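Protein sequence lines correspond, in order, to chains P, R, X and S.
Reading the first sequence from the start, the letters are residues 17 to 354 in my numbering.
Reading the second sequence from the start, the letters are residues 14 to 514 in my numbering.
Reading the third sequence from the start, the letters are residues 297 to 588 in my numbering.
Reading the fourth sequence from the start, the letters are residues 1408 to 1935 in my numbering.
All residues carry an ideal CB built from backbone N, CA and C; glycine is no exception.
These figures come from a predicted structure and were not determined experimentally.
Below: the structure, in structure tokens.
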Amino acid sequence: MSKWWEGSKGGGAAMTAYILRRLGASVVMLVLVSILIFVVLRLLPGDPTVTKVGAAQGIDPKALLQLRTELGLEDPIPVQYWDWVTGLLSGDLGRSYFSQFDVGSLIGAQLGPTLELSLAGVLLAVLLAVVLSVLPTVLRSKWLGRIVGGYTTLGMAAPPFVFGIVLIAIFSAQLGILPAENHVPLTEDPLANLRVLIMPALTLGICLSAPLIRYLRASLAEVENSQHVRTAVGKGIPRRAVILRHVLPNALLPALTSLGITVGAVLSGAVVVEYVFRWPGLGSLIVDSVYKRDYAVIQSTVLLLAAVFVLVNLVVDLLYGVLDPRLRVRGSRKEAAA
Amino acid sequence: NGGGGEPDVQATADSGSGPVREGGVLVFGQTDGVTQLDPNKISSAAATQLQTLLWNGLSKWGPDNLAKPDLAESWQSSPDFKQWTFRLRQGVKYHNGKAFTAAEAKKNFDTVLQPNSTAQVKAKISMVSAVTAKDDTTLVIDLKTPNPELPIDVIDVKMSDIDDIANVNRNANGTGPYKLKSFVPDQTVELVRNDTYFGKRAPLDGITITRYADSTAAQTALRSGQLHVLANVTPDVVKGLAADGRQLLTAAEPAAYTVWELDTSSPPFDNPKARLALSHAANRQAMMDAGYAGYGVPTPANVVVNPKNKHFDQALPAHEFNLDRAKQLFAEAGVPEGSTLTFWAKAGSNTEWLTIGQILQEDLRKIGITLDIQSNENSTWSAKFYPKGKKFPGMLAANYLSFTPLPDSYALAWFEGKQGTCECNWVPPKEYDDAVAAIEASGEGPQRDAAFRTAQQVLNRENPIIVVGSTAFLSVAQGNLRGAWVQAEGTLHLEEAGFAA
Amino acid sequence: MSAEPGAAAPPGEPSEQAGPGLLRRFLSRPPAVAALVVLGLFVLLALVQPFLLASPTAINARNKFADPSLAHPFGTDELGRDLLSRVAQAGQLSLGFAAGATLIAMVVGVSWGLLAAARSGWLDEVLMRIAEAALAIPTILFALVFVAAFGSDLVAMTVVAGLLMSPLTARIARSAVLAELKSEYVHGLDAVGVPRTRILFGEVLPNALPALLAQASLNVATSLMLEATLSFVGLGIQPPDASWGTLLKAGYDRLYESLWYPLMPALLIIAAIAALNTIGDQLQRVLHRSTS
Amino acid sequence: MSEEVLRLEGLDLGVRSGKQVRPLVHGVNLTLRRGERVALVGESGSGKTLTSLAVMRLNPEPTVRTAGRVMLGATDLATAPERELERVRGGTVAMIYQDPLSCLNPVRTVGNQLVEALRAHTDLDAAAARRRAVELLDEVGVPDPRTRIADYPHQFSGGMRQRVMIAMAISCEPDVLIADEPTTALDVTTQARILALLDDLARRRGMAVLFITHDLAVAAQFCRRICVMRDGRVVETGELRSVLAAPGHAYTRQLLDAVVTLDTEPAVGTPAGTGEVLVEAEDVHRRFGSVTAVAGVSLRVHRGETVGLVGESGSGKSTLSQLLLGLDRPTSGTVRHQGTDLATLSARELRRRRRDMQVVLQDPIGSLNRRKTVEHIVGLPLAVHEGLSKRERRARVAELLGLVGLPASFAGRYPRELSGGQCQRVNIARAIALEPSFLVLDEAVSAVDVVIQAQILDLLRDLQQRLGLTYLFVSHDLAVVRSMAPRLAVMYRGEVVEEGTREEIFGNPRHEYTRTLLSAIPTLDVPA
Ligand SMILES: Nc1ncnc2c1ncn2[C@@H]1O[C@H](COP(=O)(O)OP(=O)(O)OP(=O)(O)O)[C@@H](O)[C@H]1O
Ligand SMILES: Nc1ncnc2c1ncn2[C@@H]1O[C@H](COP(=O)(O)OP(=O)(O)OP(=O)(O)O)[C@@H](O)[C@H]1O
Ligand SMILES: [Mg+2]
Ligand SMILES: [Mg+2]
């Protein structure tokens, strides 16, 4: 009489089994993603060789055929896929059709800045979200609540490029206190790196924080009315501590899922931010490669990002299990009834 | 307020002369990225900027649209223009230290001429039958058919170390005044001065060519002074941008054209009347005003010759903007009210195509014809036209063509019928083919002029494409830029540029 | 107690209940009314658009980027067209697009998430991995493929945007539903022997409504943004039609020529999203008050 | 007389709906002196919980105080600043809540929550607070406190959670303790232990206790004064002894009359242990990780009988009930219903059987869908299994509510607008709606006053007589079990240690634990 909505059997080694199963599922999923990307790319109209040669000038079909053969595009699709995957497994990510640089080094060069930007953006978003959603509750300020509401609306309504340019116009063009571009590697000059990071990270952070705040405020309101919060208040814990220690952790849990999913959105948002701030990141690498149909670059880069996404979500799921004890101990009454 | 009519800011073809200070790094911005550095595989306008900085050809452009000595100190031809001998400079070295010799030049020519080469310049020198290195400094080029303009046509054969071409994206392998410091595809190309350059020492310490995918961000950078030159600015924003002491640079006599290509082999545009109708439906003046902020020259004669060019046939009848006429002609050609035509445009770049497309759309609407505008990103746009010979019924494809404003160049690029850039499937009358042959074979003189006039008349009558106007790239530079100049087809020459002292 | 049953709930006092009372209580909230008024104004704007002074497509190349005036209250665009009528026309399109896309996303996404939550085990696993796979691939890639496949016509784009938002909606729906399924009351319903579909649709789904409403209003914002992003690369709504997104992008590109151009669509987008969010919030609150 | 610590003066409470406030509690006056213990008894739903919550301004939205003062010494808690209240809450005045099942934070360990309370009002360091927390758990009788302190609330049984709440409330040795039915989920032995603990604190520290309960015997044992509420009003206050001896108000008399004691003549039911076996457990085990909740229980329930299930809190009664109903699956062993092994049934078949197997779950509030009206909740089984139309259901729901002593007007209410006892009655109404042949009642009448309790017990007996229903009656109130069940099973640490007829168990208990249990039963003998 399994509880029909529950997973399979729990037990002592359930956690390890669960992790293993999730890992297995993730691998399967990555294979799916790789096939999906591969197919999706080949469904796109347009052809890397035509783009490379530039159709505006007329194309010699023989030359094009030669080029296609060189790039392996004349092979049957399954063969191409096989070549790519075997290459991947042996650590060869392929070679850009255009610059001839190998994809590994292209990614290597742009992964750092992307990580910087996304991490900073996500951190900032989380910080903004937590502070802005908690503050009105802690201070019981209706006004602050309204301001945060306005901020959320603005954050959801205005596309990132608008924020980007407004920031640049104020801090860079008008006040001249922050550089709008020219990414400096962290290893070279951390301080300068931080200075250029501020505005793009802020732009990304604002855009990402808005939906997070919405989730958080909704679940905060829900948790605030719960019995156990009343217990905490009844213990004489100061309001601030009640919110931080009792309301927030419970409210953060559902928001965590949405944060995991946000990782995907980070990239979409990051592309535009990267464009506006000329940030040498993977987002623009992907979009540029899509425009050129540089399959070699896109497929490996997207797969890499998909792997990151899968990993992050795996971690989020596991974290969820750790943070929510009701899930951690498989075998609670409702879980075990499998 | 408003705009249109006369341009608001006067444009120049060269940034002021005057004392230049040594040093400084010039930041050059453009909306498209450089994807690779093999000079003989350059296909996008974004990379042509580098051609004069990293590499040299046997000859190079002068501001007068003539070939000037570059790696070749001099050249001469046989009287029948079928054999050319180039005398090369001595002691020139590639950036990697290897000596440049006639044998090296031959390697480059051979690479371009290989059957499966995709070099764009290949079309220009397709009449070459053999390239021979007589000795280290003598290069002989034999032709199948006469070419009086070979020194011009070889300009774009840029010399690079073919033996090390695999590493071209790491070292560029050129001989030019600047050498490569770093290259991130689609992002930046950093150049530093080549201290062992054979020619005039470059004033700048370096040039950074960088990409602004977001045009507003680019404008901001230019306004804040972070950027020194912004190439290919959207005409709309030129007025505001070229203020505050900044200068607007563009070709003196633009030899680039905004055109709509038509499929002349399928209905309705297989009917010359339909093509003429379209030409009459195009409000060229409004299009130049709105789309090009007045910097374009309308071409009502519908030929790819700038009306200001001395070779332009002033007697050609103009296809004036006349919707009634257009409506009538369309009706006669089987395009009644209620028909739909397609406008194939590019997304993301060349936004002015869309602007002029909308003007046409609105005008056609007035005569009951729907123009369905379809924007496509670059690859889809290109793929549409490959392979050649496809049918495009009822479609107008916006495109941009640039030539050297010389008769044979016009002819070569367009009207040969067999090979060229036209997606129009046009089969020219014999009269036209003869004229083209005459232009190619003869040097300057009355014979060539007459043939050129004939060719223009055929185009004006047959309208294989619609030429909306003669337009040019607009670039905006900071006021202190010196020594840069714009070539007729749009390339900005920075090899001698520097900052005002 | 049974002696005086009326004491705890006087007869004249209607107890709070869903249904028509919900609407009444919704309408008694000033922010909700304000939001409805704003949306009403948009509808009005769309309705009067054909009767405005200027046609949204009438070109006057000599009057580009005009500042607001009596003839052109919002100024003009790069072709000298009247921005007010363009914005009004774009509003119909944008709101229709957002509504359609959100509807599709909610229908597809909620069924998807519900199915996953209800049928635990391998189906859940498969459905969620598919959603994750879809989320792991940059939206822009899908958007390009879809636009290439279906063209950028309005209906196709609405469907595409709806489909693109559905994996996320599915995940949210799944976790909201799962959270409910874990509550003690479901245990109670199970003990009563209520069929699973009935538990899901009759009991759990209505309880997950606040979370889903929040997601719906997010979807509205996302779809407007998606359309704006597509037009960022030039693939949005094609001329002569325009959406707020395409206008915003067109205006943004000419920011330094005319501040009004991007400002107006931006303000309207913000107002619309604010109004829709407010409606979502207020609806949530009304539901919440009566039932939490 | 010793000094007054807490005084409620004319407290009026109401519930806000729109702009109006509907009154719930009227003019409550109540005084607590140092070391004094006052019992607050009365009708279920009369406002006891609300009043007690209002003392520290913990009454939930949208209930509000409309008049009156809450004087703690010289401060009026009703208007005191939040900061002042924080000091008072948990420190000077502490509270044990009525529904302990959902009162603990699910994501923090029990120990963590205890330590937090300790550190809020004492200056113990973390380690000391932890040691004290273990001591407290031990004092309230949580077995193996040293390891269980690291457990999360959901790993505790209902009674254990209640004890954690008690430990938390007394951790800072408050001057005033408000205990809202603190022992409902506890077996009598544990209850005795808790009462002794509170008694000790009250004596030693002079702690005043406001003791809300339905169990008059407990009240009589523990309290000096009594205060009877009905319909939001205090109808009688006074010395407990004199009130019990000579109740002044008719309602008090009614209450006293309804009390079930061990002397109450049990109703005659069908003879125990005869007839067809309806539900049968055979050597069932249920393990949760390392905890074995049910360890090899075999039990038969025959058609038409009532089996009482008693035992220590945490001994596995709820778990066993779930197993018998097929709501949980045994780790090993089989459960048969009418001869069919439940494990072999498909979900659909099992669901069909639910028509005949119903349960009143131990958590009366949590097991109701918070977003549905009482009418919907009670009517649902009718809609599902009988396919009744909305109109038919409405009439039947009204009838059912009447049977459990709720006015028909409650049909439109949501669970959170109900008191604990009212929720419980909604659960009962839902469970009997189908007149199932097998009904499990897990602490089904623990939260209602004795008058209602008697009414419900009568109802159950009547149903049994008319329709031949079978009950598994789980309760800590041995007197009530005795009056209901001719046959009993006693559980201890997961096992059924003794099984027998009423007479055997109460007259001649064989197992040591049973004897302990029986000796701990409080009686309504007024202490001299
Ligand atoms: N949020 C609310 N909205 C409306 N009515 C409420 C609300 N909370 C409680 N009530 C009503 O107030 C009355 C008093 O409730 P309270 O919980 O104080 O009862 P109680 O005396 O503690 O009962 P029990 O013994 O059953 O726990 C009940 O009739 C209940 O229905
Ligand atoms: N979901 C669970 N996870 C872990 N342990 C559990 C779970 N449910 C119950 N237990 C443990 O099983 C034992 C029996 O619990 P159960 O709820 O059956 O007790 P009970 O007899 O009903 O007690 P009470 O009278 O207090 O309600 C307890 O020790 C409890 O801690
Ligand atoms: Mg109560
Ligand atoms: Mg229990």
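When Cβ atoms are compared, which residues of the segment 111–145 of chain P fall closer than 7 Å to chain X?
-> none
Just to confirm, are S:Met1572 and S:Cys1510 a CB contact at a threshold of 8 Å?
-> Here residue 1572 of chain S refers to the residue found at position 165 when the fourth sequence is read from its first residue. Here residue 1510 of chain S refers to the residue found at position 103 when the fourth sequence is read from its first residue. Yes, Cβ-Cβ distance for S:Met1572 and S:Cys1510 is below 8 Å.
Can you give me, in chain order, the residues of the segment 226–257 of chain R that have a beta carbon less than 9 Å from any beta carbon in chain X?
-> Asp227, Ser228, Thr229, Gln232, Thr233, Arg236, Thr247, Asp249, Val250, Lys252, Gly253, Leu254
Does DSSP put X:Gly498 in a helix, in a strand, or in coil?
-> The residue labelled residue 498 of chain X in the question sits at position 202 within the third sequence. X:Gly498: helix per DSSP, three-state reduction.
For R:Val317 and R:Val11, believed in contact at Cβ under 8 Å, the rounded distance | Shown here, chain R extends from 14 to 514; a query on residue 11 of chain R therefore has no answer.
Along the chain, which unbroken stretches of the alpha helix (DSSP H) at least 4 residues long are found entirely within the segment 376–414 of chain R?
-> 391–396
Is any beta-carbon of chain S found at less than 8 Å from that of P:Thr273?
-> What you label residue 273 of chain P is simply residue 257 of the first sequence in a count that begins at 1. So no, P:Thr273 is outside the interface.
Residue range of the unbroken beta strand (DSSP E) whose run includes P:His244 | The residue you call residue 244 of chain P lines up with position 228 of the first sequence. Not the beta strand (DSSP E): P:His244 falls in the alpha helix (DSSP H), residues 243–250.
In angstroms, rounded to a whole number, what distance separates the CA positions of S:Arg1736 and S:Val1686?
-> For the purposes of this step, residue 1736 of chain S is taken as the residue at position 329 of the fourth sequence. For the purposes of this step, residue 1686 of chain S is taken as the residue at position 279 of the fourth sequence. So the alpha carbons of these two residues sit roughly 15 Å apart.
Answer yes or no: the CB of S:Thr1738 versus the heavy atoms of ligand 2, is any distance below 7 Å?
-> Counting from 1 along the fourth sequence, the entry for residue 1738 of chain S is found at position 331. The answer is no for S:Thr1738.
Neighbour flag for R:Ile168 against chain X, beta carbons, 8 Å | Along the second sequence, read from residue 1 onward, the residue named residue 168 of chain R stands at position 155. Taking Cβ atoms only, chain X never reaches closer than 8 Å to R:Ile168, which makes this a no.
Use the C-beta contact count for P:Trp159: other C-beta atoms within 10 angstroms, 16 or more gives buried, fewer gives exposed.
-> For the purposes of this step, residue 159 of chain P is taken as the residue at position 143 of the first sequence. P:Trp159 is exposed by the Cβ-count criterion.
Is the beta carbon of R:Ala7 less than 8 Å from the beta carbon of R:Thr467?
-> What the structure shows of chain R is the stretch from 14 to 514, and residue 7 of chain R is not part of that stretch, so it cannot be assessed.
Okay, do the segment 200–218 of chain P and the segment 241–252 of chain P touch, 3+ Cβ pairs below 8 Å being the bar?
-> no
Under the criterion of a Cβ to heavy atom distance below 7 Å, does S:Asp1849 qualify as lining ligand 4?
-> Position 442 of the fourth sequence, counted from the first residue, corresponds to residue 1849 of chain S. Yes - ligand 4 has a heavy atom lying nearer than 7 Å to the Cβ of S:Asp1849.
Does at least one heavy atom of ligand 4 sit under 7 Å from the Cβ of S:Gln1831?
-> The residue given as residue 1831 of chain S occupies position 424 in the fourth sequence. No, ligand 4 has no heavy atom inside 7 Å of this Cβ.
Could you name the residues of chain X that R:Ile478 contacts, counting a contact when the two beta carbons are closer than 8 Å?
-> The count along the second sequence starts at 1 and reaches residue 478 of chain R at position 465. Neighbours of R:Ile478 on chain X: none; closest Cβ ~22 Å, over 8 Å.
Just jot down, in chain order, the residues whose CB lies closer than 5 Å to any heavy atom of ligand 1.
-> X:Ala304, S:Val1422, S:Leu1431, S:Ser1451, S:Gly1452, S:Ser1453, S:Gly1454, S:Lys1455, S:Thr1456, S:Leu1457, S:Glu1824, S:Leu1825, S:Ser1826, S:Gly1827, S:Gly1828
Do S:Val1855 and S:Gly1828 have their C-beta atoms closer together than 8 Å?
-> Residue numbering aside, residue 1855 of chain S sits at position 448 when the fourth sequence is read from its first letter. Residue numbering aside, residue 1828 of chain S sits at position 421 when the fourth sequence is read from its first letter. Contact: yes.
Run the CB neighbour count on R:Gln432, radius 10 Å, all protein chains shown included, and call it buried at 16 or more, exposed below.
-> Here the question's residue 432 of chain R lines up with position 419 in the second sequence. Low confidence applies here, because R:Gln432 scores a pLDDT of 44, under 50, leaving its location unreliable and the question unanswered by this model.
Distance cut-off 7 Å: P:Phe54 Cβ against heavy atoms of ligand 2 | Here residue 54 of chain P corresponds to residue number 38 of the first sequence, with the count starting at 1. Not under cutoff, so the answer is no.
Determine the direct distance from the alpha carbon of P:Gly120 to that of R:Ser173, and round the result to whole angstroms.
-> Residue mapping note: residue 173 of chain R aligns to position 160 of the second sequence, counting from 1. Residue mapping note: residue 120 of chain P aligns to position 104 of the first sequence, counting from 1. Between R:Ser173 and P:Gly120, the C-alpha separation is close to 27 Å.
Take R:Gly253 and list the residues in its own chain whose beta-carbon comes closer than 7 Å to its own, dropping the five residues that flank it on each side.
-> Here residue 253 of chain R is taken as the residue at index 240 of the second sequence, counted from 1. The answer is none, since no qualifying residue turns up.
S:Cys1936 - partner residues in DSSP beta bridges | In this structure chain S extends from 1408 to 1935, so residue 1936 of chain S is not present and cannot be described.
Answer yes or no: do S:Arg1476 and S:Glu1416 have a C-beta to C-beta separation smaller than 8 Å?
-> To locate residue 1476 of chain S, count along the fourth sequence from 1; it is residue 69. To locate residue 1416 of chain S, count along the fourth sequence from 1; it is residue 9. Yes, they are a contact pair.
Please say whether S:Val1742 and S:Leu1730 have beta carbons closer to each other than 8 Å?
-> Position 323 of the fourth sequence holds residue 1730 of chain S. Position 335 of the fourth sequence holds residue 1742 of chain S. Their beta carbons are under 8 Å apart, which means S:Leu1730 touches S:Val1742 by this criterion.
What number of angstroms, rounded off, separates the C-alpha of S:Gly1406 from the C-alpha of S:Ala1688?
-> The structure shown has nothing for residue 1406 of chain S, since chain S only spans 1408 to 1935.
Would you say S:Ser1853 touches ligand 2, meaning its beta carbon is less than 7 Å from a heavy atom?
-> Reading the fourth sequence from its first residue, position 446 is the one you call residue 1853 of chain S. Flag unset: Cβ of S:Ser1853 not near ligand 2.
Under three-state DSSP, which class holds S:Leu1669?
-> Position 262 of the fourth sequence, counted from the first residue, corresponds to residue 1669 of chain S. Residue state, collapsed to three classes: coil.
For the candidate residues R:Glu162, R:Ala358, R:Gly370, whose alpha-carbon lies nearest to that of R:Ala299?
-> Position 286 of the second sequence, counting from 1, holds the residue named residue 299 of chain R. Residue R:Gly370 is the option with its Cα nearest to R:Ala299.
Backbone CA spacing between X:Val403 and P:Thr67 [nearest angstrom] = Against the third sequence, residue 403 of chain X aligns to sequence position 107. Against the first sequence, residue 67 of chain P aligns to sequence position 51. Looking at the two C-alpha atoms, the distance is approximately 39 Å.
If we call anything under 8 Å between Cβ atoms a contact, is S:Cys1579 one with S:Gly1497?
-> To locate residue 1579 of chain S, count along the fourth sequence from 1; it is residue 172. To locate residue 1497 of chain S, count along the fourth sequence from 1; it is residue 90. The answer is yes: Cβ separation under 8 Å.
Tell me whether R:Ile168 sits in a helix, a strand or coil according to DSSP, three-state version.
-> Counting from one through the second sequence, the residue named residue 168 of chain R turns up at place 155. In the structure shown, R:Ile168 sits in coil (DSSP, three-state: anything other than H, G, I, E or B).
Quick one: what's got a C-beta closer than 8 Å to S:Pro1581's C-beta in the same chain, skipping five residues either side?
-> Position 174 of the fourth sequence, counted from the first residue, corresponds to residue 1581 of chain S. Contacts found: Gly1497, Gly1498, Thr1499, Val1500, Ala1501, Met1614.
CB contact check: S:Lys1779 to chain X, cutoff 8 Å = Taking the fourth sequence and counting its residues from 1, one reaches residue 1779 of chain S at position 372. Yes, because at least one Cβ of chain X sits closer than 8 Å to the Cβ of S:Lys1779.
Compute the Euclidean distance between the alpha carbons of R:Leu507 and R:Ala143, then round it to the nearest angstrom.
-> Counting from 1 along the second sequence, the entry for residue 507 of chain R is found at position 494. Counting from 1 along the second sequence, the entry for residue 143 of chain R is found at position 130. Going by the C-alpha atoms only, they are around 33 Å apart.
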